Amino acid sequence: MTTPWKGAVLVTGTDTEVGKTVVTAAITAAAQAAGMRVAVVKPGQTGTATGEPGDVDSVTRLAAPLTGRTLASYPDPLAPLAAARVAELPPLELYTAVDAIRAEVDKHDLVLVEGAGGLLVPMGLRPSGEPWTVADLAVSLGAPAVVVARAGLGTLNHTALTLEALERRAIPAGVVIGAWPTEPELVHWANLTELVPNLLGALPAGAGAMDPGVFRRSAPGWLTPALYGVLDDWRAWAEDAG
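Start counting at 1 in the sequence shown, then tack on 1, and there's your number in my numbering.
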């Protein structure tokens, strides 16, 4: 039996729009179904000028974490540091984020920290004035990382690069497929075979549009025990998915 991850856990991605928010919601739902107290922290939210809900709002709608926090919001849909500069707003300071997340760790069993874009996107500034990334945040927190990846063409290279960057920093990591297609093709099955050794879960395409009650009941079936799910046989999963 794999011991579920606790404390601060980073949720990053191989790119933008890979499903980080929905995966964060799924882990939240599975962990809370297992009796965990869960907080979700978004260090840097961008693109808020449209008035649409932020990522924490989306997670709250789907999974209702005990606590949801956004540390800094910027109107333009850019990397957080660039968005802060364009809006002439203060960039998020690394240790401000670290302290805020540690405060939630003290009050919760699991704190999911959702990044922005990929692992090395500039998030804010250090006290020295140097930019920091989601990888730097994981190192400072001593947190493992969930890497959300696409199912289709191109994902193997992006996933390998992200995992290698995490390994170089001694950050434990696993992969979740953000959206498994309803009609998978050869490339999807081939990618699945390559990803299985690092795979911690796979969400069905369209999961974020589910009724929240259905989403919460379904989430444990998409994730392995490390993320509070019940998925323990990828061969059986593949047969069901196919």
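The C-beta atom is built at its ideal place from N, Cα and C for all residues, glycine as well.
Fair warning: this is a prediction, and the values are worked out from it, not measured in the lab.
Closest in alpha carbon position to G55, among A26, D110, R38 and R170, is A26. Within 10 angstroms of the beta-carbon of T4 lie fewer than 16 other beta-carbons, which makes it exposed. A contact is defined here as three or more CB-CB pairs under 8 Å, and the region 202–209 meets this definition with respect to the region 9–29. Note that the C-beta distance between L63 and P213 is below 8 Å.
Positions of the alpha helix (DSSP H) runs, each at least 4 residues long and wholly inside the region 118–186, are given as 135–142 and 156–169 in order along the chain. In this model, A83 and G118 are separated by some 13 Å (Cα to Cα). Collapsing the DSSP output to three states places T97 in a helix. Only residues of its own chain outside the window of five on either side were considered, and among them A64, R217 and A220 have a CB closer than 6 Å to the CB of A30, listed in chain order.
Taking a 10 Å sphere around the C-beta of E168, we find fewer than 16 other C-beta atoms and assign the residue as exposed. A distance below 6 Å between beta-carbons, with the five flanking residues on each side excluded, links S74 to the following residues of its chain, in chain order: Q46 and T49.
If you draw a straight line from the Cα of E89 to the Cα of S129, it is about 19 Å long.
Scanning the region 56–114 for uninterrupted alpha helix (DSSP H) segments of 4 residues or longer gives 56–64, 81–88 and 95–106, listed from N- to C-terminal end. Taken through DSSP and simplified to helix, strand or coil, L224 comes out as strand. The way I'd put it, the region 31–44 doesn't touch the region 184–192; fewer than three beta-carbon pairs between them come closer than 8 Å. In this structure, DSSP gives P44 an extended state, which the three-state scheme calls strand. DSSP places V19 in the coil class of the three-state scheme, outside both helix and strand. By the 16-neighbour rule on beta-carbons within 10 angstroms, W238 is buried. Under DSSP, A9 takes part in a beta bridge, and its partners are V112. Here R127 is exposed: its Cβ has fewer than 16 other Cβ atoms, across all protein chains shown, within 10 Å. Counting only the Cα atoms, V60 lies some 21 Å from L138. Counting the other CB atoms within 10 Å of its CB gives G143 a total below 16, which places it among the exposed residues. Here V177 is near V147, since their CB atoms are less than 8 Å apart. A residue is called buried when at least 16 other Cβ atoms come within 10 angstroms of its Cβ; T194 does not meet this threshold and is exposed.
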